[in-house]
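Here's the structure we're looking at; comments come further down.
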Amino acid sequence: MIIGPKDYCKFKVKTFYGHTDEVNCVAFSPDFKLIVTGSDDKIVRIFNTTTCELLYEVEGHQGAIRCVAVSPDNKFIASGSYDKAIQLWRISDANFYNKLLGHTKSVEVVIFSPDSNLLCSGSWDRLAIVWNLELCQAIILLTGHNGLVQSAAFSATTKWIATGSWDFCIRIWNLDEESSKENASNMNQLSKSDLKKKKNLKADVFPLKPKPNHLLQKHKGNVHTVAFSGNDVLASGSWDKTVCLWDPLKGQLLHCLQGHDGWVQVVAFSHDNLYVASACEDDTIRIWVVENGKCCKVLAAKTETVQLCVFTPHGTLLTSGTNSATGSFHTH
């Protein structure tokens with residue numbers, strides 16, 4: 001358990017079996033009772049984190065599962081696939097809810113807004129799309145990246161979205177600017193009942209195509225992961241082996257964190273906003289002090305690839321990763 005930078009960390013490891021091919025992505029439910037995994041075997045699996053029991057196998061995609069996410073209200077799972085589609089599933093019974101079509105290439109990231117009303121997706125088509133989940137309709141198209149959109153994050157207030165790309169850049173988008181008027185005007189042109197009648201809703205109409213408020217350029221490699229703190233500090237991790245901390249509202253770099261010896265896979269903030277964790281392909285997890293950018297602890301990763309890193313409200317650091325066709329999670 002990590003309570004502060006000087007605490008000794010003990011590992012508790014659990015392993016989940018069931019996939020028949022490479023596991024690409026993992027996500028925890030908000031209450032940490034469930035872990036969701038997606039694989040090259042085209043199946044999403046849902047496990048009980050306490051017993052490691054396989055609860056559901058969710059099939060429907062025609063390609064490898066590239067990303068999964070669980071909504072903060074604990075109602076839905078979103079999965080993105082090489083088949084270009086996003087599918088939504090009810091978490092209570094794993095039943096299919098809807099399909100979101102709009103991307104023209106593999107979907108590499110899906111992320112719910114903190115209020116669970118929106119979903120942002122990123123793709124090899126260099127686009128990020130914001131979806132209204134009540135209507136299951138695309139409402140905002142984020143354009144401008146010159147490479148795969150690998151990562152995305154909502155701010156705590158849902159006002160801002162950050163997107164990270166293989167063009168080495170991070171773009172910051174303000175969803176409030178002009179969005180209320182434009183979305184209301186454009187969405188009124190669409191019949192709500194007609195939208196709900198459609199089984200597969202395509203992104204044919206984008207009411208809003210905003211310009212980025214800031215373009216953050218510091219990384220010298222693909223931006224693989226981004227995350228907002230509760231007080232609007234942005235962290236980004238890159239293939240250039242660094243983690244950057246930003247003031248996204250001003251577009252300013254706060255700290256460039258160096259020490260990893262491989263691609264940075266994932267970053268996550270503690271709930272008190274004092275620490276940021278970064279997991280890397282060098283088989284380490286580093287804990288950094290946000291205020292001064294100093295590394296206060298280095299942990300040894302226990303899986304081949306750490307794909308998820310999250311702090312619980314009590315300060316425990318949970319990481320999850322894969323070894324071939326198995327998934328596992330660890331308590332530090």
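Letter by letter, the sequence shown follows residues 1 to 332 in full-length UniProt numbering.
Note that CB positions come from ideal geometry on N, CA and C, so glycine has one too.
Counting the other Cβ atoms within 10 Å of the Cβ of residue 92 gives fewer than 16, which makes it exposed.
In the three-state scheme derived from DSSP, where H, G and I count as helix and E and B as strand, residue 247 is classed as strand.
For residue 103, no pairing in a beta bridge is given by DSSP. In the structure shown, residue 62 adopts coil according to DSSP, grouped into three states. Straight-line measurement puts the Cα of residue 290 at about 24 Å from the Cα of residue 27. The beta-carbon distance between residue 218 and residue 280, rounded to whole angstroms, is 18 Å. This is too long to meet the 8 Å contact definition.
Under DSSP, residue 25 shares a beta bridge with 38. Judged by their CB atoms, residue 16 and residue 35 are nearer to each other than the 8 Å cut-off. Residue burial is scored here from C-beta neighbours: residue 252 has fewer than 16 other C-beta atoms within 10 angstroms and is therefore classed as exposed. By the 16-neighbour rule on beta-carbons within 10 angstroms, residue 211 is exposed.
By the Cβ neighbour-count rule, residue 38 is buried, with 16 or more other Cβ atoms within 10 Å of its own.
In this chain, the beta strand (DSSP E) harbouring residue 45 covers 43-48. At a Cβ-Cβ threshold of 8 Å, residue 271 and residue 311 count as neighbours. Residue pairing by DSSP puts residue 131 in a beta bridge opposite 119 and 138.
Straight across, the Cα-Cα distance linking residue 306 with residue 144 is about 29 Å.
In the three-state scheme derived from DSSP, where H, G and I count as helix and E and B as strand, residue 97 is classed as strand. Residue 76 is bridged by DSSP to 90. Residue environment for residue 115: exposed (fewer than 16 other C-beta atoms within 10 angstroms of its C-beta). Residue 33 sits exposed, since fewer than 16 C-beta atoms from the chains shown fall within 10 Å of its C-beta.
As the crow flies, the alpha-carbon of residue 263 is around 13 Å from that of residue 150. Closest in alpha carbon position to residue 225, among 237, 275 and 231, is 237.
DSSP places residue 238 in the strand class (E or B) of the three-state scheme. Secondary structure note for residue 151: its beta strand (DSSP E) is the uninterrupted segment 149-154. If you look at residue 275, you'll find it in the beta strand (DSSP E) that goes 275-280.
If you compare the alpha carbons of 250, 249 and 245 with that of residue 278, the shortest gap goes to 245.
Residue pairing for residue 174: DSSP places it in a beta bridge opposite 160. Taking a cut-off of 8 Å for Cβ pairs, the region 77-90 and the region 58-67 touch, as three or more such pairs fall below it. DSSP places residue 286 in the uninterrupted beta strand (DSSP E) bounded by 284-289.
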